[in-house]
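Right, one structure below, let's go through it.
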Amino acid sequence: LAPTHVRFGSFELFYYRGQTEQVRELADYVIREFYPQFNEAENKYLEFLREVVRRTSRLIAAWQAVGFAHGVMNTDNMSIIGLTIDYGPFGFLDQFDADFICNHSDYGGRYAFDQQPNVALWNLYKLAQTLIPLIEPEKAETVLGEYQTVFTKRFIELMRGKLGLQTEQTEDARLISDLFEILQASRVDYTVFFRRLGDFNTDEWEKNKLLQGMFIDPASFDRWAETYRVRLAKEASADERRRVSMRLVNPKFVLRNHIAQTVIERAQAGDYTELNTLLEVLKKPFDQQPTMQRFAEPPPEGSEPIAVSCSS
Numbered sequence: 004l005a006p007t008h009v010r011f012g013s014f015e016l017f018y019y020r021g022q023t024e025q026v027r028e029l030a031d032y033v034i035r036e037f038y039p040q041f042n043e044a045e046n047k048y049l050e051f052l053r054e055v056v057r058r059t060s061r062l063i064a065a066w067q068a069v070g071f072a073h074g075v076m077n078t079d080n081m082s083i084i085g086l087t088i089d090y091g092p093f094g095f096l097d098q099f100d101a102d103f104i105c106n107h108s109d110y111g112g113r114y115a116f117d118q119q120p121n122v123a124l125w126n127l128y129k130l131a132q133t134l135i136p137l138i139e140p141e142k143a144e145t146v147l148g149e150y151q152t153v154f155t156k157r158f159i160e161l162m163r164g165k166l167g168l169q170t171e172q173t174e175d176a177r178l179i180s181d182l183f184e185i186l187q188a189s190r191v192d193y194t195v196f197f198r199r200l201g202d203f204n205t206d207e208w209e210k211n212k213l214l215q216g217m218f219i220d221p222a223s224f225d226r227w228a229e230t231y232r233v234r235l236a237k238e239a240s241a242d243e244r245r246r247v248s249m250r251l252v253n254p255k256f257v258l259r260n261h262i263a264q265t266v267i268e269r270a271q272a273g274d275y276t277e278l279n280t281l282l283e284v285l286k287k288p289f290d291q292q293p294t295m296q297r298f299a300e301p302p303p304e305g306s307e308p309i310a311v312s313c314s315s
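Written as structure tokens, this is what we have:
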């Protein structure tokens, strides 16, 4: 369970009622209970805001790296301690699509996958607005300006891990962006691709045919893979060590909507066997679990993505 259900919207409730003292009391409570390191700070409210910005930016970076779409990122669904909460119409990417919308009520794509970092920043601005009676506006603006730097740094760190890279190189950001471009162009399954990438062979190219076959344009993968091979050559890690490290950060199993739907239908018919099995599988998403391969399968080719709602 979440240690607290206080959200950005909790502060907005008092702010828009003009209850400034209640905003202060709520901030004092949250700092005392969850950010006690700032109790004696010169401006504890500013440091509190800075830490919320930092935690939120790192959280969203993790969402983007693992391919998680929240679905309904209004301020009332944003945790004040940087947790993932209230993700009713959520979804994990199947085929990579930066514009993926998991909430069928989100007609305009406000909370689309690639919009999540921007929406989170907008929500932080709304939180900061409620704290203006307690913080100088210029200082709040400076703190909010740290969001993008923290987000980008953390996102690239996480993506390095997914690519099996232990060191930092200036070309890494380009390697990552180029990969997303070809994943998008071929609508490659996000989770399956990164799991298979752990088996990338730097010496015997023929052993990478399974990866290459995931792309509509195999030549696009070949070009990226050559850049990736050159980048891996700068690492001290052998293929087997890299494979182990990548399997620790690239899940084999995520909760896919088409699988959830099948499990739901069986449960509605009174058969909870698959539900209980799936729950056990998802407790160990990075393990191979070879007898549970059916829970790792992408949707049938040609099927439409399943969008869900807050009541799903």
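Residue 4 is where the sequence shown starts when you use my numbering, and the numbers rise one by one after that.
Positions of the beta carbon are idealized from the N, C-alpha and C atoms, including for glycine.
Delimiting residues of the alpha helix (DSSP H) encompassing residue i
i    : result
D290 : That residue, D290, is in no alpha helix (DSSP H); it is neither H nor E in DSSP.
L130 : 119-134
M162 : 150-166
Q67  : 47-69
V33  : 23-37
P140 : 140-147
Y275 : No alpha helix (DSSP H) contains Y275, which DSSP labels as neither H nor E.
F14  : 11-19
Outcome for residue i when other beta-carbon atoms lying within 10 angstroms are tallied against a minimum of 16
i    : result
D111 : Strictly speaking, residue 111 in this sequence is Gly, with Asp absent from that position. It is exposed - the Cβ of G111 has fewer than 16 other Cβ atoms within 10 Å.
W125 : exposed
R297 : exposed
K47  : buried
V257 : buried
K156 : exposed
G60  : First, the residue type needs correcting, since residue 60 is Ser and not Gly in the sequence shown. The residue is buried, with at least 16 neighbouring Cβ atoms inside 10 Å.
Q172 : exposed
K318 : Limits of the chain in this structure are 4 at one end and 315 at the other, which puts residue 318 out of reach.
N204 : exposed
A5   : exposed
Q239 : According to the sequence provided, residue 239 is Ala. The question's Gln does not apply to it. Exposed, by the Cβ-count rule.
L213 : exposed
Q119 : buried
D89  : buried
R10  : buried
G305 : exposed
R259 : buried
Y193 : buried
I219 : exposed
V247 : exposed
Nearest-angstrom Cα separation, counted from residue j out to residue i
i    : j    : result
T230 : E174 : 10 angstroms
V146 : E283 : 42 angstroms
M76  : W66  : 12 angstroms
I267 : R27  : 45 angstroms
A310 : I104 : 7 angstroms
G21  : L49  : 20 angstroms
F14  : T23  : 10 angstroms
H73  : S108 : 13 angstroms
C313 : N106 : 8 angstroms
A270 : L278 : 7 angstroms
A131 : G148 : 12 angstroms
Y150 : D274 : 47 angstroms
D225 : R244 : 23 angstroms
F289 : L127 : 32 angstroms
D31  : A188 : 49 angstroms
I135 : F158 : 29 angstroms
A222 : Q215 : 8 angstroms
Y38  : A44  : 11 angstroms
F183 : F17  : 42 angstroms
E160 : F71  : 17 angstroms
T210 : D202 : Looking at the sequence provided, one finds Lys at residue 210 rather than Thr. Going by the C-alpha atoms only, they are around 9 angstroms apart.
Q25  : D79  : 17 angstroms
L281 : A143 : 45 angstroms
A123 : K129 : 10 angstroms
D117 : G94  : 13 angstroms
L178 : M162 : 10 angstroms
L29  : Q40  : 17 angstroms
L235 : M217 : 21 angstroms
D242 : T276 : 38 angstroms
W208 : V233 : 13 angstroms
F154 : A64  : 6 angstroms
Q1   : L186 : Any answer about residue 1 is impossible in this case: the structure gives the chain only from 4 up to 315.
L168 : Y19  : 47 angstroms
Q291 : A101 : 28 angstroms
E139 : P301 : 50 angstroms
T133 : A263 : 39 angstroms
Residue i Cβ short of 8 angstroms to the ligand MN heavy atom set
i    : result
V284 : Among the ligands in the structure shown, none appear at all, so the ligand MN cannot be discussed.
Query raised in the report: Would you call the region 246-257 and the region 181-200 touching, i.e. three or more CB-CB distances under 8 angstroms?
Result: yes
**Report entry** 4 or more residues per run - each alpha helix (DSSP H) lying fully within the region 183-267
**Finding:** 193-200, 212-215, 221-235, 242-250
**Report entry** Cβ contact check for the region 50-61 and the region 78-88: 3 or more pairs under 8 angstroms
**Finding:** In short, these stretches touch, since the Cβ pair count reaches three.
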